[in-house]
Structure formats: C-alpha cells, structure tokens
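Each protein sequence line maps, in turn, to chains F and B. Count along the first sequence from 1, add 3, and you get the number used in the working numbering. Count along the second sequence from 1, add 3, and you get the number used in the working numbering.
Number of protein chains: 2
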Amino acid sequence: MPTIIDVAKKAGVSIKTVSRVMNNEARVRSETRRKVRQAMSDLDYRPSAAARQMRSGKSTAIGMLYSDPSSGYQSQLNHAMMQACSDAGRYLTVGLFDETKRQWKRQLEAFLDRTKVSCMVLVPPMCDSRALHDCLAERDVKYVLISPSREKSGVSSVAMDDKRAAREITEHLLQLGHRRIGHIAGHPDHAASVLRRTGFLDAMEAASGRRGTGAVVSEGRFDFRRALEMAETMLTAEARPTAIFAASDEMAAATYMAAGRLGLSVPRDISVAGFDGAPIAEIIWPSLTTVAQPYGGIARAAVDILNRVEPGEDGEIHTEKNIVPHNIIIRNSCGKPPRHLREAK
Amino acid sequence: MPTIIDVAKKAGVSIKTVSRVMNNEARVRSETRRKVRQAMSDLDYRPSAAARQMRSGKSTAIGMLYSDPSSGYQSQLNHAMMQACSDAGRYLTVGLFDETKRQWKRQLEAFLDRTKVSCMVLVPPMCDSRALHDCLAERDVKYVLISPSREKSGVSSVAMDDKRAAREITEHLLQLGHRRIGHIAGHPDHAASVLRRTGFLDAMEAASGRRGTGAVVSEGRFDFRRALEMAETMLTAEARPTAIFAASDEMAAATYMAAGRLGLSVPRDISVAGFDGAPIAEIIWPSLTTVAQPYGGIARAAVDILNRVEPGEDGEIHTEKNIVPHNIIIRNSCGKPPRHLREAK
DNA sequence: TTGTATGCGTTATCAG
DNA sequence: CTGATAACGCATACAA
C-alpha cells in the first residue's frame, strides 16, 4: 500500500504539499496540484483512515443514529446510506439510539467519543429533536436532516416531496376513472402524513372543483389493525369508494386483507395504492402500485452535502434544502372502476 | 481523553505493561494486572482504535457482508450484531456484497483493504460460498458462520435449532387439539426449509404414530403469491386442515389473506402459525403466533467466539458449533379447532 | 516479569 | 506558495 511519502516522491514535492492537495487547501499552485493528483492516481493511493483519524482526532466516517430496528424506513435508509458512503469513498458508522431513555444524552456522547465522527445524518424521528440538535451543535458536529418535520435554520436537509407524490398517485387513480376515492391517512403527528393527506385532497379538489368531493379520509395511524378497521368501514359504507390510497404500503396490505374478508377482489372490485415502496409492496399479490421513496437519491444527496460542508470552511456555511425526485411505480393493484360508477360524482 | 500513558502513570507501571494487560498477554503478575485494570477503569480509559489500527495494520472492527437489503433476516441480524458489538466494546463495519456479480472477489478484497478487518461474520447465503471461504482463508481473516447449510471443519458456527423449533410449534398446535395440520414449506434449496419441514413431520408422526398422517405439506418457496395459492388450495380441499404452520411469517400473512378471501376467520375457523418473529408478525391482525429467531443470542455468540479466537493463538484454533435457544411466541392466531374435528384422525 | 525506544501515516507548526 | 520536522496513541524489538 503506497503512503503519502511515495506520492510525494513520485510528484517531486514534500508530503505536506500532498497533504494540502488531499485536503483541498487553497494555497497550492494549480500545476503542482495537478502533478500530485496524477501521482496519487498512478499509485492508486488511498489515505490511511487510521492515521488521519489519529492525527486529527476525527473520523472520516459519517455517523447515523438508528432507533427502531423494525422500521422499514430506517433500515432502507441505512442500506442506501451505506451504498452512498461506499460510492463516495467514505464509511458509515451507525449507532443505536434509544430516544425514549433519559440516558440518551450520555448515549449520544459515548457514541461521539468512541467513533469520533464529525458529521452525521439525522433521520426521523431523531431529526426533530431539538435537544439532539443542541447536543450536536455544542460538540461542533455538522449534520444534515433527512425529511424533518420542520426545517432548522443553518442546517441543510434532504427530503422527498410527499405532498406532490400523494397528488400524483391520486391523479393516477383519477385518470383510471375513479371518482370516489378513500384515503387511509397516517398518524396525524407525523409530518409526512399531513403532507400526503393534503396532496390527496388537493388532487381530489382539482378533479371535482370542490374540496372534499368524492374523498373519504380515515386516520389509519400507520397501524395495521387500525387500517384494517378503517378499510372495512370504508368498504362497507353505502357509497363505497372504488379505490383506496393508503399512506403506507403496510396499510395498503391491510386494505387487501379487508377486501378479502368482504369478498372483494383487488383490483377488479377495488383498486389500492400505497406509499413507500416497501418490500411488502412487491411481495403481496397482486403487487402494489405505490410511490417509491427515493432512498438512494436521498442518501446520495446527504453524503454530497456532508462532503461539501466539511472542507470549505471559508466564510459562512452554505445550507440547502434538497428535494429529491420520486417515482410512482405502477403495478397490478389498480384498475378501472366498474362502468356505472365511473362518472358518478 | 486519557491515553495509555496516563494509565501507566496511575498504575505505576510502564506503557508496555498496560499494553500487555489490554491484550491479555500471559506474562504479567496477577497483582500488576489488577492494578492496571483498576487504573483503566478509574480513568475510564478506552484505547484509541485509530492508533491501534495504525500500528497493527488491523482494525478491531468486526466485518459483515450484506447482500440483500430487502431481506428482513439480514437486517434484523445486522441490528443484533450492532448491538452485540457495541456491548462488547467493538464495532461493526458492514459492506455491501453482490454475490451474483463476477467482480465479487475484487469487491471483497477492496472491502478488506479499506476496512482492515481481521475477523468477520458470514450470514446466509454468503456463509455457504466455498469460494468466499477460500478467499478469506487466503488473506488470513478469521470468521464465524451464522446458520450455514453445511458446517465447515475448522470454522466455528452459530445457529438456532430450526428442526426443534418447528417440532415445538407443531406440538403447540397439536396440544390445542388440531389433528389435521397444513405446512407451507420454504424453498427446498434452503437448508432451514428442510429442517423446518422435518421438524413438523416429526411432531405429526409422534402424535399420530404414523409418518404423514394428518400432515399436508406444500412448497411455498418463501414467496407470498405462491404461499397464497398453496393456502387457498389447502383451505378449499375437502378435508381441510384446521391449522396451518407456515415456514415464514410472510407466508403466514399470505395464509391470512387466503383465509380472508374464503370467508374464514383466524383463529376461529383456521389457526395459523409462522416462523421468524418478523415485524409483520406483530403488525398483522390477529397478531401471529410464531417462532422468534434468537437474533440477539446469535449475534452475541458470534461476537463472543470472535473475541476468544483472536488473542489466544497458542496452539490450535478451538472451533465450536453453537446452538442458540429460541422462543415460541404465543399470540392470537391459534385457537382450538371446532369440536367435531378435534379428535378426527 | 517489566521497561525503553522506535515507527506506523497523517496533519500542523513554523520557517523559508 | 512550499518544505522540514514534531507530534498523535499504541505495539513491539530489544534490553534489563
């Protein structure tokens, strides 16, 4: 494995200069910089993370907190972050974090002490804890928020556009001819739930000309059992919807089950759409039309921000609010409504 | 942060002695050892991973390969490993690994070069790749296998007893009075599937006195749609089972759906049991009786083996085959069969 | 059984 | 703009 000394020799400069180039410091003549870069790639040089960390006291790894092992969202994001870090030549160090415990502050400090990470990504629900922000700021750790409920000034964030995605998938249903559509919403405290519901209502309003027309909304709270009840209620109402848009794929799965119990077939009798692009959406049958969370794009954007925020300490920190485009995945759970219901308002 | 020097001063010895104590070397007087240990805990000393790694060229972290982000098994194990490592004062470095690509060897070597891990845990399906074993052995990386299909001599392994667990959950069903029980098996190439099926058949045989009596087996292949079909077939057969034991929680969920379509209620008309202890088992309703994989115990055992295999290089390597006890989680998906079917053989 | 001195690959100081 | 040299915390050859 080549070291900084080998690079310095090859480029005919001192190791300090090589170090300067690596760290994107300003005062280096551009030709010198070029020579060093050349030498580095010729030798396939890769700096020793250990030596770097030992000297600077800071790890190059990116830290991430994990609070709920059974959360599909967190584990998907975790995977995407690993991938993004790997692509960017960095590493991800993840720590368990129990936000409910009173020891959380010590827990966090132990994590920072041991890992020496100097930058982190905060995912929901950690990204909404003011105390957590303060603790990080106090220790001078840079961080980026993923899908925060509220933005925070001076801190960059990355998110998808939940409202718009909800609008789009509702429009898809409308385009198929559905006029009476149910929505099983998520937990009202969850920012994304509110956005998804609003997007749904916006699309319904645009189609009918009046807010609320044709829309049937229930609070599912992201809970399977509750969603099951809500779906059953909707499907047994006198004027039952011909399509249901659930705010999560799990709740969409619950809707499948409710439909099954009532002898209704998806998508013949009832169309179902979900949200998240969870594994279950591919697994269940018929496969579920849903909004895929852009985990990869979100992770890449977060790593990218962290890469840029670190070296350039010249002047003030440039923060940004990054919206990552999503995809609607059309699968087999949505069809046209029965003809006699198609144009009924 | 205290360093080895602070500890040495406090204990009144040289740093070399402290180093010896840390690494569990033999030639240290036990009183000296005690003094050093005391000083370490007084100062809340924690060795710098960076310095250690720089000096030795090896990281203290434990490596793990991840191949399928949507695999609940892998992500659960991942989480358990993080926890276990954290408890043992070690770190987990996980790498993506695409076993299908031809570049896998370079991918693995890049991982080893960059992370410098000297020990790893291999989870399914990686633990069954002979080429992977060879590659690791070649680079002198110690590893432990988790739930391998076949044991490998000279390599330790950790697993749960799938056969026994399947037998036990089947016995639970038998005890409730079920005599005709269906089993939706996993993929036949998967070692665990075979064990689970065998355990099921063993229990049925023990109860009836004859192999196969009362048992209805279908190949579900761990696939939702296929399991759905299998369950529908079973439930519409003339002599339908009063209980179904699915080899995975996902397939149990498919069974719920099949039951729903046929107007059958769980557990009143049909009892369902699963296997894995996946998040979905708690989420679906009624909550699913299942075998919980002992992820935590498996991870702890693996880390423990790795902790012991490393320092004691005196003599030959002691390998072990560790079976971790599991738990049957009784929830709400199993009940007594209708009276008239209870004793029917 | 214990201690001393050296070097691992970086970054930072300070002088050119 | 560039370079010589001293740390950083630990492990180990070598010495006692």
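Cβ coordinates follow ideal geometry from the N, Cα and C atoms, glycine included.
Cutoff 8 Å: residue i Cβ touching any chain B Cβ
i, result
"I378/F", "With chain F represented from 4 up to 348, any question about residue 378/F goes unanswered, as that position is not in the structure."
"A11/F", "no"
"S274/F", "no"
"V97/F", "yes"
"P128/F", "no"
"E222/F", "no"
"M254/F", "no"
"R199/F", "no"
"M43/F", "no"
"S196/F", "no"
"S73/F", "yes"
"P282/F", "yes"
"G185/F", "no"
"R117/F", "yes"
"G263/F", "yes"
Cβ separation of residue i and residue j, assumed to be a contact under 8 Å, to the nearest whole Å
i, j, result
"V147/F", "L309/F", "6 Å"
"L176/B", "I184/B", "6 Å"
"L198/B", "K166/B", "4 Å"
"N350/F", "P289/F", "This structure cannot settle anything about residue 350/F, because the visible part of chain F is limited to 4 through 348."
"D164/F", "H329/F", "7 Å"
"Q56/B", "A113/F", "About 20 Å; that fails the 8 Å criterion."
"P3/B", "S160/B", "Outside the displayed span of chain B (4 to 348) sits residue 3/B, for which this structure offers no information."
"I287/B", "A256/B", "6 Å"
"I172/B", "V275/B", "Incorrect: roughly 11 Å between the Cβ atoms, too far for contact."
"L115/B", "R133/B", "That belief does not hold up - the Cβ atoms of L115/B and R133/B are roughly 18 Å apart, past 8 Å."
"L231/F", "A261/F", "5 Å"
"D137/F", "R153/F", "Not really, about 15 Å apart at Cβ, beyond 8 Å."
"I2/B", "T245/B", "What the structure shows of chain B is the stretch from 4 to 348, and residue 2/B is not part of that stretch, so it cannot be assessed."
Residue i (DSSP reduced to helix, strand or coil)
i, result
"T216/B", "coil"
"M4/B", "coil"
"L125/F", "strand"
"R23/B", "helix"
"V327/F", "strand"
"A11/B", "helix"
"H3/B", "A question about residue 3/B goes unanswered here, because the residues of chain B that appear run from 4 up to 348."
"E316/B", "With a pLDDT of only 41 at E316/B, under 50, the local geometry of the prediction cannot be trusted, and the value read off the model is given with reservation. Three-state result, E316/B: coil."
"K145/B", "strand"
"A246/B", "strand"
"I283/B", "helix"
"V16/F", "coil"
"A347/F", "Only weak support exists for where A347/F lies, its pLDDT of 48 falling under 50; the value from the coordinates is given anyway. Residue state, collapsed to three classes: coil."
"I65/F", "strand"
"I332/F", "strand"
"T201/B", "helix"
"A91/B", "coil"
"E208/B", "helix"
"T103/B", "coil"
"V161/B", "strand"
"V306/B", "helix"
"G98/B", "strand"
"A295/B", "strand"
Chain F within 8 Å of residue i, Cβ atoms only
i, result
"Q353/B", "The shown model of chain B, from 4 to 348, leaves out residue 353/B, and the question about it has no answer."
"A206/B", "no"
"R49/B", "yes"
"M260/B", "yes"
"R93/B", "no"
"A53/B", "yes"
"G15/B", "no"
"G363/B", "Missing from the structure shown is residue 363/B; chain B here goes from 4 to 348 and no further."
"G217/B", "no"
"G318/B", "Confidence at G318/B is low in this model, with a pLDDT of 42, below 50, so its placement is unreliable and the value that follows should be read with caution. Answer no: the Cβ-Cβ gap between G318/B and chain F never drops below 8 Å."
heavy atom of the ligand MG below 7 Å from residue i C-beta
i, result
"R200/F", "What this structure holds is no ligand at all, so the ligand MG is not there to describe."
*Taking a Cβ distance cut-off of 7 Å, strictly less, list which residues of the segment 224-240 of chain F are near chain B, in chain order.*
When CB distances to chain B are screened at a threshold of 7 Å, the residues of the segment 224-240 of chain F falling below it are F227, R228 and L231, in chain order.
*Counting pairs of Cβ atoms below 8 Å between the segment 62-73 of chain F and the segment 118-138 of chain F, do you hit three or more?*
yes
_Stretch pair the segment 37-57 of chain B + the segment 72-82 of chain B: three plus CB contacts closer than 8 Å_ = Short answer: they don't touch.
*At a Cβ cut of 9 Å, what residues of the segment 76-89 of chain F count as close to chain B, listed as they run along the chain?*
S78, Q79, N81, H82, A83, M85, Q86 and S89
_Tell me whether the segment 243-252 of chain F and the segment 242-261 of chain B touch, counting them as touching only if at least three CB pairs, one residue from each stretch, are closer than 8 Å._
no
*Determine, using beta-carbon pairs with one atom in the segment 260-269 of chain B and one in the segment 232-247 of chain B, whether at least three such pairs fall under 8 Å.*
Yes, they touch.
*Take every Cβ of the segment 88-95 of chain F, pair it with every Cβ of the segment 79-90 of chain B, and state whether three or more of those distances are shorter than 8 Å.*
Between the segment 88-95 of chain F and the segment 79-90 of chain B, the count of C-beta pairs closer than 8 Å stays below three; the two stretches do not touch.
*Report yes or no: do the segment 6-21 of chain B and the segment 197-213 of chain F share at least 3 C-beta pairs separated by less than 8 Å?*
No contact exists between the segment 6-21 of chain B and the segment 197-213 of chain F.
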